[in-house]
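The block underneath contains the structure these notes are about, expressed in structure tokens.
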Amino acid sequence: MNGKPMTCLGGIKRERVVTIANQAGFSFVELIAVMVLVGIMAAGAGLGISNIITGFMVSRDSAAIAGKAQLAMLRLSREFRVISSVTAATSTSITFVATHEGGINKTYTVTKAGDTITLNDGTTNDTLVDKVSALTYTYYDTFNGTAETSWASSRRMIQITIGMNGPDNTPLSFTTRVTPRNL
12 MNGKPMTCLG
22 GIKRERVVTI
32 ANQAGFSFVE
42 LIAVMVLVGI
52 MAAGAGLGIS
62 NIITGFMVSR
72 DSAAIAGKAQ
82 LAMLRLSREF
92 RVISSVTAAT
102 STSITFVATH
112 EGGINKTYTV
122 TKAGDTITLN
132 DGTTNDTLVD
142 KVSALTYTYY
152 DTFNGTAETS
162 WASSRRMIQI
172 TIGMNGPDNT
182 PLSFTTRVTP
192 RNL
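Mapping to the working numbering: the sequence shown position 43 is 54, numbers consecutive.
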């Protein structure tokens, strides 16, 4: 019983048979259980990594959209600062005369056509930004004044609001106010 060869009657030596239960190692059931647990942990880790990647993609796309909107806002702000007169203005379109360096006057129209905001100077139609869901102009006599949707000679401030669709069609809104210096 101690693992040494045993002698039987008649002097024939027989070795003791050692069963698998006495050996060190893993059983087949234990191996399967470990594989199942490792699979569950890998699936959980995969979901976590998937969420991290999705978050990165949404962040990257939102930054690109914000950059496009900011460029359009900067161009509109620059043009609106040199407005010398407004010819026609509604909540969705504005036509104005801008006085540039050297006293050069140019007439511009800024409007939304389809999903694109364009700046038209009478000869060229420049695209400022695309994938736009809304463009709204609001006009003010003073900073804290009442918001108006049409232009009057007393108006001194223009608020521009651009609506765009972000990742997963999340609505994004970008707003700025401009005070034309020549009015």
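For glycine and all other residues, C-beta sits at the position ideal for the given N, C-alpha and C.
As the structure is a prediction and not an experimental result, all values here were calculated from the model.
Residues near residue i in its chain [Cβ-Cβ closer than 7 Å; skip 5 each side]
i, result
"residue 138", "127, 129"
"residue 73", "177, 178"
Beta-carbon proximity of residue i to residue j, cut-off 7 Å
i, j, result
"residue 80", "residue 175", "yes"
"residue 178", "residue 69", "yes"
"residue 110", "residue 93", "yes"
"residue 83", "residue 140", "yes"
"residue 91", "residue 169", "yes"
"residue 161", "residue 152", "no"
"residue 158", "residue 149", "yes"
CA-to-CA distance, residue j to residue i, given in whole angstroms
i, j, result
"residue 60", "residue 45", "22 Å"
"residue 186", "residue 66", "25 Å"
"residue 147", "residue 102", "5 Å"
"residue 155", "residue 167", "12 Å"
"residue 118", "residue 88", "15 Å"
"residue 77", "residue 50", "40 Å"
"residue 134", "residue 62", "49 Å"
"residue 48", "residue 40", "12 Å"
Supposed close pair residue i, residue j - CB separation, criterion 8 Å
i, j, result
"residue 104", "residue 120", "7 Å"
Neighbourhood of residue i by C-beta distance below 6 Å, restricted to the same chain and skipping five residues each side
i, result
"residue 188", "168, 170"
Considering only residues of the segment 126-176, which uninterrupted alpha helix (DSSP H) runs meet the minimum length of 4 residues and lie entirely inside it, listed in chain order? none
I'd like the ranges of any beta strand (DSSP E) spanning at least 3 consecutive residues and lying wholly in the segment 43-125. Complete beta strand (DSSP E) runs here, min 3: 94-100, 104-111, 115-124.
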